[in-house]
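Participant: Just so you know, the sequences run in chain order U and W.
Letter 101 of the first sequence, counting from 1, is numbered 97 in this note's numbering, and no numbers are missing.
Letter 85 of the second sequence, counting from 1, is numbered 81 in this note's numbering, and no numbers are missing.
2 protein chains.
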Amino acid sequence: MTARSYEDAKEVARANLAFYRAFEALEPSQMEAIWLNEPYVKCVHPGSEMIVGFDGVMASWRAIFQHTQKISFSVHDIDVRVQGDLAWVTLTEAVETHFSANERGTVVAATNVFERRGGRWLMVLHHASPLLRRVGLEAPGESMPGGEGL
Amino acid sequence: MTARSYEDAKEVARANLAFYRAFEALEPSQMEAIWLNEPYVKCVHPGSEMIVGFDGVMASWRAIFQHTQKISFSVHDIDVRVQGDLAWVTLTEAVETHFSANERGTVVAATNVFERRGGRWLMVLHHASPLLRRVGLEAPGESMPGGEGL
Chain U
-3 MTARSYEDAK
7 EVARANLAFY
17 RAFEALEPSQ
27 MEAIWLNEPY
37 VKCVHPGSEM
47 IVGFDGVMAS
57 WRAIFQHTQK
67 ISFSVHDIDV
77 RVQGDLAWVT
87 LTEAVETHFS
97 ANERGTVVAA
107 TNVFERRGGR
117 WLMVLHHASP
127 LLRRVGLEAP
137 GESMPGGEGL
Chain W
-3 MTARSYEDAK
7 EVARANLAFY
17 RAFEALEPSQ
27 MEAIWLNEPY
37 VKCVHPGSEM
47 IVGFDGVMAS
57 WRAIFQHTQK
67 ISFSVHDIDV
77 RVQGDLAWVT
87 LTEAVETHFS
97 ANERGTVVAA
107 TNVFERRGGR
117 WLMVLHHASP
127 LLRRVGLEAP
137 GESMPGGEGL
């Protein structure tokens, strides 16, 4: 890795952590500043379909923030890959959520994609998925599990 | 979009479809040819944790192929984004799976990332997640749903 690409990866890692800080803050304006304002940005909340476009994605964050009293993330296995002005990050999120009378701890696999615009790394994709089972060498295929409910 | 980037996007779209054809073929060697052979490639099968590295990812495909009698994909909402030698693709997969005595239809949200090496677009990430509910403006947060099972 060159010194330049090392610096790039550090910047992307910072942008990635800023996303989780914005999520924990439950503050729409802070979350808006993380994302690129383009119609092609996309977000998959765990178990949900893909939301397309800045406006729809922000509406989903506002709704989530409104229903969440407190949330905290501990992120693991962070891997940052940069190529030019595009970067993809994978990680595991350990999430503690408090809403209404409930408290819950879950684990989520996430892919985050960032694009560099005007020297800033901005999020263009957040894809988070629930861990419903341990790694599935016994898995019978792409359709497992959970999709059955549709 | 320039003529060059249009060509790039077409090439990525072809690589993306080749991935689904390899999956339908249930043929490990065909799937191996789709992926970049690097320790940082990653794969999330629906509901599973992230598998890291070419060898582990290929082992997961062999196991899935072994347990699947027949699978067919119809892919929708394909969006291809290219920046230099990196590309990310989002789409919805309608999956029909046949294994043992069962047949099942499911819907999956997917992100696929490709890297260009030696003029060829090779897969470095497949992240597929089950649709457990309709889009969740009522969603109470990142921890919903399914993660509870852990």
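Positions of the beta carbon are idealized from the N, C-alpha and C atoms, including for glycine.
(1) Give me the subset of the segment 108 to 123 of chain U whose CB atoms are less than 8 angstroms from a CB atom of chain W, sorted by chain position.
(2) When you compare the CB positions of residue 78 of chain U and residue 1 of chain U, do they come within less than 8 angstroms of one another, or not?
(3) How would you list, in chain order, the residues of chain W whose beta-carbon sits under 9 angstroms from the beta-carbon of residue 13 of chain U?
(4) Quick one: complete alpha helix (DSSP H) runs, 4+ long, within the segment 37 to 102 of chain W?
(5) What would DSSP say about residue 126 of chain W, mapped onto helix, strand or coil?
(6) How big is the Cα-Cα spacing for residue 62 of chain W and residue 40 of chain W?
(7) For a test of the three-state rule: what should DSSP assign to residue 18 of chain W, helix, strand or coil?
(8) Measure the CB-CB distance between residue 12 of chain W and residue 108 of chain W and report whether it falls below 8 angstroms.
(9) So does the segment 94 to 103 of chain U actually touch the segment 11 to 26 of chain U, counting three or more Cβ pairs closer than 8 angstroms?
(10) Roughly how many angstroms lie between the CA atoms of residue 106 of chain U and residue 31 of chain U, to the nearest whole one?
(11) For residue 79 of chain U, which residues in chain W fall below 8 angstroms Cβ to Cβ?
(12) Rounded to whole angstroms, what is the Cα-Cα separation between residue 127 of chain W and residue 29 of chain W?
Facilitator: With the given structure in hand:
(1) 109, 111, 120, 121 and 123
(2) yes
(3) Going along chain W, no residue has its Cβ under 9 angstroms from residue 13 of chain U, so there is no contact; the nearest lies around 15 angstroms.
(4) 50 to 63
(5) strand
(6) 18 angstroms
(7) helix
(8) yes
(9) no
(10) 16 angstroms
(11) 79, 80, 81, 82 and 111
(12) 29 angstroms
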